[in-house]
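Remarks on the structure that follows.
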Amino acid sequence: MIKHLRSAADLDAETATLILDTAAEMATLAGREVKKLPTLRGRTVVNLFYEDSTRTRISFEAAAKRLSADVINFSAKGSSVSKGESLKDTALTLQAMGADAVVIRHPASGAPHRLASWVDGSVVNAGDGTHEHPTQALLDAYTMRSRLGRLDGLRVAIVGDVLHSRVARSNVLLLSTLGAQVTLVGPPTLIPIDVAAGLSGDASRRGDRLVPGEAAGGPSAPAGSAGGDEPRAVSPAAIAGLSGDASRRGDRLVPGGVAGAAGGGPAVSYDLDSVLPDSDVVMMLRVQSERMQDSYFPSAREYSRRYGLDMRRLRRLPEHAIVMHPGPMNRGMEIAPEVADSPRSTIVEQVANGVSARMAVLYLLLGGK
Amino acid sequence: MTAYVMKGVSLLGAAPRDLVVRDGRIADEPPGAGAEVIDAAGLVALPGLVDLHTHLREPGREDAETVETGSRAAAAGGYTAVCAMANTSPVADTAGVVEQVWRLGREAGLVDVQPIGAVTVGLAGRQLAELGAMATSAAQVRIFSDDGHCVADPRLMRRALEYVKAFDGVIAQHAEEPRLTEGAQMHEGEVSTRLGLTGWPAVAEEAIIARDVLLAEHVGSRLHVCHVSTAGSVEVLRQAKARGVRVTAEVTPHHLLLTDELATSYDPVYKVNPPLRTASDVRALRQALIDGVIDVVATDHAPHAVEDKECEWAYARPGMVGLETALPVVLSVLGEQWELIAERMSRAPARIAGLAGHGGDLAAAGSPATLTLVDPAARRTVDPSDLVSRSRNTPYAGTTLPGRIVATFLRGEPTVLDGKVVR
Amino acid sequence: MAHPRADTPSKIILSGADLQRVVDRIAHQILEKTSGATDTVLLGIPTRGVPLARRLAARIHAFEGIDVPVGSLDITLYRDDLRRHATRALGKTEIPPGGIDGRRVILVDDVLFSGRTVRAALDALGDVGRPQCVQLAVLVDRGHRELPIRADYVGKNIPTALSESVRVALSEADGGVDEVRLNPTVEGGRDQ
Chain U
1 MIKHLRSAAD LDAETATLIL DTAAEMATLA GREVKKLPTL RGRTVVNLFY EDSTRTRISF
61 EAAAKRLSAD VINFSAKGSS VSKGESLKDT ALTLQAMGAD AVVIRHPASG APHRLASWVD
121 GSVVNAGDGT HEHPTQALLD AYTMRSRLGR LDGLRVAIVG DVLHSRVARS NVLLLSTLGA
181 QVTLVGPPTL IPIDVAAGLS GDASRRGDRL VPGEAAGGPS APAGSAGGDE PRAVSPAAIA
241 GLSGDASRRG DRLVPGGVAG AAGGGPAVSY DLDSVLPDSD VVMMLRVQSE RMQDSYFPSA
301 REYSRRYGLD MRRLRRLPEH AIVMHPGPMN RGMEIAPEVA DSPRSTIVEQ VANGVSARMA
361 VLYLLLGGK
Chain D
1 MTAYVMKGVS LLGAAPRDLV VRDGRIADEP PGAGAEVIDA AGLVALPGLV DLHTHLREPG
61 REDAETVETG SRAAAAGGYT AVCAMANTSP VADTAGVVEQ VWRLGREAGL VDVQPIGAVT
121 VGLAGRQLAE LGAMATSAAQ VRIFSDDGHC VADPRLMRRA LEYVKAFDGV IAQHAEEPRL
181 TEGAQMHEGE VSTRLGLTGW PAVAEEAIIA RDVLLAEHVG SRLHVCHVST AGSVEVLRQA
241 KARGVRVTAE VTPHHLLLTD ELATSYDPVY KVNPPLRTAS DVRALRQALI DGVIDVVATD
301 HAPHAVEDKE CEWAYARPGM VGLETALPVV LSVLGEQWEL IAERMSRAPA RIAGLAGHGG
361 DLAAAGSPAT LTLVDPAARR TVDPSDLVSR SRNTPYAGTT LPGRIVATFL RGEPTVLDGK
421 VVR
Chain R
1 MAHPRADTPS KIILSGADLQ RVVDRIAHQI LEKTSGATDT VLLGIPTRGV PLARRLAARI
61 HAFEGIDVPV GSLDITLYRD DLRRHATRAL GKTEIPPGGI DGRRVILVDD VLFSGRTVRA
121 ALDALGDVGR PQCVQLAVLV DRGHRELPIR ADYVGKNIPT ALSESVRVAL SEADGGVDEV
181 RLNPTVEGGR DQ
């Protein structure tokens with residue numbers, strides 16, 4: 001079993017499926033009169049939240065408590081490098097308190113990776129900056145599987161502010177691992193650069209490297225060592241054939257079209273209407289209207305017209321397709337109220353499934369040696 | 001003054017010979033009695049290295065580095081002169097501050113510390129600093145830079161380029177279009193996409209370099225480009241040089257060796273500005289260094305206190321220490337191309353900075369005995385706790401690099417012997 | 001961890017045919033002791049307790065035409081030795097639609113050893129509902145109890161040494177033939 005859940009990329013297909021299966025078992029327990037299990041008695045789970053996120057914290061808290069873990073809520077909002085305790089000092093404090101797992105929500109991407117290097121216990125990423133939110137992806141995958149019966153071959157459209165979305169990153173990685181085909185939809189300004197390669201589960205699809213598998217100069221990769229493609233003494237003639245290929249840069253995808261799906265990376269489209277008829281799942285991301293100020297799109301009205309999911313667009317979806325949203329929703333912005341409340345919508349289910357998925361994660365991280 | 005004879009030394013890879021140092025200069029007569037003998041068999045002599053881009057942190061962040069500790073690190077790395085960047089606290093934007101740094105360098109006495117003056121008051125990019133006063137001060141500033149910040153305002157940049165012509169100054173630009181890099185954390189590309197870190201697009205550097213070479217061409221001024229990091233920048237520079245624009249450029253050792261993939265660990269030891277780029281950028285930079293499109297290897301030695309690196313990536317300060325690993329990194333990239341290394345790490349930077357006593361011809365009697373002796377056969381695994389610098393933020397921890405600095409001489413006086421700083 | 005030695009082969013204790021006879025006998029005993037298996041639910045403990053419970057239900061149906069509800073009760077989350085092993089995957093818990101409240105629950109497992117599995121099962125059962133009574137049926141009782149627990153229905157008592165292990169193979173769970181073997185050395189730690 002894995003030690004930490006920092007990224008959806010920490011999960012291979014086998015482990016991800018084990019978590020979903022475990023979540024399914026946890027969900028059956030949720031219907032019982034006695035919901036509490038003795039499994040994690042004597043274990044301590046710390047919820048270390050540097051951002052307000054009541055729904056995520058409550059979900060983790062419920063999950064840990066149903067497994068009988070001791071839960072300590074450590075709200076560190078407002079802390080930063082300039083004021084208050086550093087993350088490292090906090091980590092050492094939690095370490096001294098005997099935390100078996102730390103669930104961390106943090107505004108800085110990669111904070112869970114840093115934390116994991118300073119504590120002995122497990123680290124669970126509950127959302128870091130604009131990076132990832134892997135338990136959200138697990139509960140989303142769980143919801144898709146329980147509604148549609150499978151993930152392999154499922155066509156999932158993720159729509160909206162992909163650039164700033166940790167939910168999107170984790171979903172792309174996890175869904176690709178589990179065999180779904182993901183299409184990212186949004187205005188080009190909100191689709192990250194090189195996304196097909198960047199979020200491909202297949203490392204060989206990523207850009208070229210100085211030393212295969214590991215960038216040169218890493219701790220175990222002596223610079224210029226034999227075996228890499230960098231001979232120790234590089235003569236002008238030897239290097240000439242390697243000279244720069246800057247053409248890789250930028251978005252290589254066809255505007256309005258779908259490209260890049262082969263090999264596990266997500267496809268990209270700028271045209272929601274064309275994607276909907278071929279989608280089993282459409283996941284709407286929260287779009288903050290403040291993005292307008294940064295010129296990602298001209299106005300909320302134009303965004304909503306081009307990328308909002310209204311009843312007209314809902315009818316373009318196949319009969320069986322479902323509508324998801326990680327919440328909190330901007331009704332009327334990315335999703336029309338009547339779509340959010342339609343039977344196609346799984347938004348309330350996602351919340352319930354969140355507790356089961358997080359119970360599964362805590363059990364699998366803490367339930368063994 | 002002690003005379004030295006270096007037995008069996010190879011000048012830039014030439015056949016071994018004895019090199020006599022007397023009265024601070026290379027001598028062609030035999031050493032007199034009492035000369036100290038240095039067994040230099042297998043060692044290569046290079047003119048003392050000159051760094052165009054060093055952050056010594058004093059005044060202001062003496063916990064990270066001081067002029068004295070930075071001078072020691074420089075000497076240990078084979079340097080005999082360093083140009084101290086202006087982004088201290090207070091900023092080196094007046095004659096007073098540059099003279100203070102210059103004096104501290106003299107007191108340390110291990111390398112020539114040549115202060116760089118700020119282009120604008122407080123590095124704020126609004127008003128020219130008193131460039132002439134710094135030029136005529138005891139520090140005799142010739143290079144001006146807002147490094148850490150770009151002189152983004154095109155009109156201000158034009159004026160600065162023009163103004164320094166009066167005293168043969170040069171503006172060293174930190175090329176970074178600030179509106180394109182707000183909140184930027186690493187190279188914009190597939191890795192930044194995966195890691196969810198705000199991207200620093202290559203075009204933000206290239207656009208400024210393109211603008212500045214046009215400005216320099218228009219007003220007929222000298223321009224120096226700091227830490228070039230992208231293949232696109234190389235192309236802009238190549239074209240500008242072909243047209244005869246008076247532009248010079250530097251590349252850092254880390255941009256010649258490391259790529260953005262290292263950010264995957266989220267360890268801010270790999271956070272630097274400009275950021276580590278892609279493998280194809282690295283290849284283009286190496287080729288440009290060989291071709292001469294890039295004139296100089298400069299360290300951008302940027303010491304930081306532990307708490308500024310042992311934190312979240314986004315909160316960490318950018319920068320890496322580099323003085324002690326620069327030559328080994330360049331050796332690993334270029335191999336033993338001693339002539340090229342001497343040009344890029346000593347002569348060219350000495351010319352750009354106007355440091356007449358550096359980058360001399362070691363074969364010519366009468367040249368200043370300002371040189372460094374390198375053992376190219378030695379290999380060293382970098383251990384941060386071994387660094388002479390006050391800071392430990394090296395990206396090469398655990399990496400084995402070729403070459404060891406055995407001795408450094410500044411005007412005939414040893415600053416490093418047996419790999420140890422003499423005082 | 002010790003591995004089976006090549007020079008001391010494992011011994012077959014129950015063949016496929018023996019196993020079938022034993023299951024038949026337990027089915028008869030259940031019918032006898034429960035006056036026709038009325039108000040009774042069979043809950044198999046994963047993994048091999050589940051097919052055993054199904055077999056028992058099938059035999060009871062064959063003998064008397066009675067349909068006894070069958071389900072499964074996973075006890076992993078109630079184990080007292082979780083921290084001694086790598087994390088275990090959960091088995092299925094499926095309580096038959098009628099539930100267990102007020103009924104007789106017969107827990108079914110393959111091997112009764114320390115009694116800790118049954119202890120965990122009783123805890124798990126308590127969280128599911130409140131049965132009228134709980135009984136225990138096992139294919140093999142190998143002794144070495146660590147808790148005050150005994151089975152109501154035992155297919156075969158097999159005296160064993162602590163170092164030995166009992167391996168039950170059922171076609172539904174293990175793919176091959178039905179049999180019970182006694183291995184001379186423990187493979188992979190003590191069973192509960």
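Protein chains in written order, with the UniProt record's numbering: chain U, 1 to 369; chain D, 1 to 423; chain R, 1 to 192.
Just so it is clear, CB atoms sit at the ideal spot from N, CA and C, and this is done for glycine as well.
Cβ shell of residue i (< 6 Å), same chain only, five flanking positions each side left out
| i | result |
| --- | --- |
| residue 424 of chain D | Coverage of chain D is limited to positions 1 through 423, which leaves residue 424 of chain D absent and any answer about it impossible. |
| D:A204 | E176, E177, L180, T181 |
| U:L92 | none |
| D:A240 | V213, V247 |
| U:D70 | T44 |
| D:F409 | A369, L371 |
| D:A172 | I143, S145, H224, C226 |
| U:S53 | R105 |
| U:D229 | Residue placement at U:D229 is poorly supported in this model, since its pLDDT is 37, which falls under 50; the coordinates still yield a value, given next. Once the five neighbours on either side are set aside, U:D229 has no close Cβ partner at all. |
| D:S233 | E205, E206, I209 |
Neighbourhood of residue i by C-beta, 7 Å cutoff - its chain only, sequence neighbours within 5 removed
| i | result |
| --- | --- |
| D:E261 | V191 |
| D:A76 | E324, V388, I405, V416, V421 |
| U:T177 | L11, D12, A13, A16, G201 |
| R:G98 | P69 |
| U:L37 | L29, R66, L67, S68 |
| D:A231 | S280, D281, A284 |
Closer than 7 Å at the beta carbon, the chain A residues around residue i
| i | result |
| --- | --- |
| U:L18 | The chain labelled as chain A is not found among the protein chains of the depicted structure, namely U, D and R. |
Contact list for residue i against chain R, beta-carbon separation under 9 Å
| i | result |
| --- | --- |
| U:T28 | K92, T93, E94, I95 |
Interface residues of chain D facing residue i [CB-CB closer than 7 Å]
| i | result |
| --- | --- |
| U:S68 | Chain D residues near U:S68: none, gap ~32 Å exceeds 7 Å. |
| U:T130 | G196 |
| U:R114 | Y266, E312 |
CB-CB length for residue i against residue j, believed under 8 Å
| i | j | result |
| --- | --- | --- |
| D:A135 | D:G169 | 6 Å |
| U:P266 | U:L199 | 6 Å |
| R:P46 | R:V70 | 13 Å between Cβ atoms; not a contact. |
| R:L122 | R:A151 | Not confirmed; about 13 Å, so no contact. |
Same chain, Cβ closer than 8 Å to residue i, neighbours up to 5 away in sequence not counted
| i | result |
| --- | --- |
| R:L90 | D74, T76, L77 |
| U:Q350 | L139, D140, T143, M324, H325, P326, G327 |
| U:A99 | T44, V45, V46, I72, V119, G121 |
| U:M333 | V287, S289, A300, Y303, S304, G308 |
| U:G256 | Summary for U:G256: the model assigns pLDDT 40, below 50, so the residue's position carries little reliability; its value from the coordinates is reported in the next sentence. The residues are S269, Y270, D271, S274. |
Chain-ordered neighbours of residue i on chain R, where CB pairs are closer than 7 Å
| i | result |
| --- | --- |
| U:K369 | R83, R84, H85, A86 |
Interface residues of chain D facing residue i [CB-CB closer than 9 Å]
| i | result |
| --- | --- |
| U:P187 | Within 9 Å Cβ-Cβ: nothing; U:P187 doesn't reach chain D, min ~16 Å. |
8 Å Cβ cut-off: residues of chain U touching residue i
| i | result |
| --- | --- |
| D:E343 | Within 8 Å Cβ-Cβ: nothing; D:E343 doesn't reach chain U, min ~14 Å. |
Stretch-stretch touch, CB-based, cutoff 8 Å, three pairs: the stretch 313-322 of chain D with the stretch 264-274 of chain D:
yes
Whole beta strand (DSSP E) elements within the stretch 61-91 of chain R, 3-residue minimum
70-72
With a threshold of 8 Å, are at least 3 pairs of Cβ atoms found where one atom belongs to the stretch 361-368 of chain U and the other to the stretch 86-94 of chain R?
yes
Pairs of beta-carbons, one from the stretch 138-146 of chain U and one from the stretch 119-130 of chain U, closer than 8 Å: are there three or more?
Result no; under three Cβ-Cβ pairs closer than 8 Å.
Should the stretch 25-37 of chain U be called in touch with the stretch 97-114 of chain U, which here means at least 3 C-beta pairs below 8 Å?
no
Tell me whether the stretch 350-358 of chain D and the stretch 97-105 of chain D touch, counting them as touching only if at least three CB pairs, one residue from each stretch, are closer than 8 Å.
Cβ pair count under 8 Å is below three, so no.
Ranges of the alpha helix (DSSP H) found wholly within the stretch 99-136 of chain U, counting only runs of at least 4:
111-116
Inter-stretch contact (C-beta, 8 Å, three-pair minimum) for the stretch 12-23 of chain U and the stretch 283-297 of chain U
no
Segment contact flag, the stretch 277-288 of chain D with the stretch 34-45 of chain D, C-beta cutoff 8 Å, min 3 pairs:
no
Touch check for the stretch 129-140 of chain R and the stretch 152-166 of chain R: three-plus C-beta pairs under 8 Å?
By the Cβ rule, the stretch 129-140 of chain R counts as touching the stretch 152-166 of chain R, because three or more pairs are nearer than 8 Å.
The stretch 265-282 of chain U / the stretch 176-196 of chain U touching (three or more Cβ pairs under 8 Å):
yes
Contact between the stretch 130-138 of chain U and the stretch 2-15 of chain U is defined here as three or more beta-carbon pairs at a separation below 8 Å; is this criterion met?
yes
Pair every Cβ in the stretch 56-70 of chain D with every Cβ in the stretch 85-95 of chain D, then say whether three or more of these pairs are closer than 8 Å.
yes
Identify every run of the alpha helix (DSSP H) within the stretch 29-94 of chain D, keeping only runs that are complete inside it and at least 4 residues long; order them along the chain.
67-76
Any contact between the stretch 98-107 of chain R and the stretch 29-41 of chain R? By contact I mean 3 or more CB pairs, one from each, below 8 Å.
yes
Check whether the stretch 162-174 of chain U touches the stretch 12-19 of chain D, counting contact only when three or more Cβ pairs, one atom from each stretch, lie closer than 8 Å.
no
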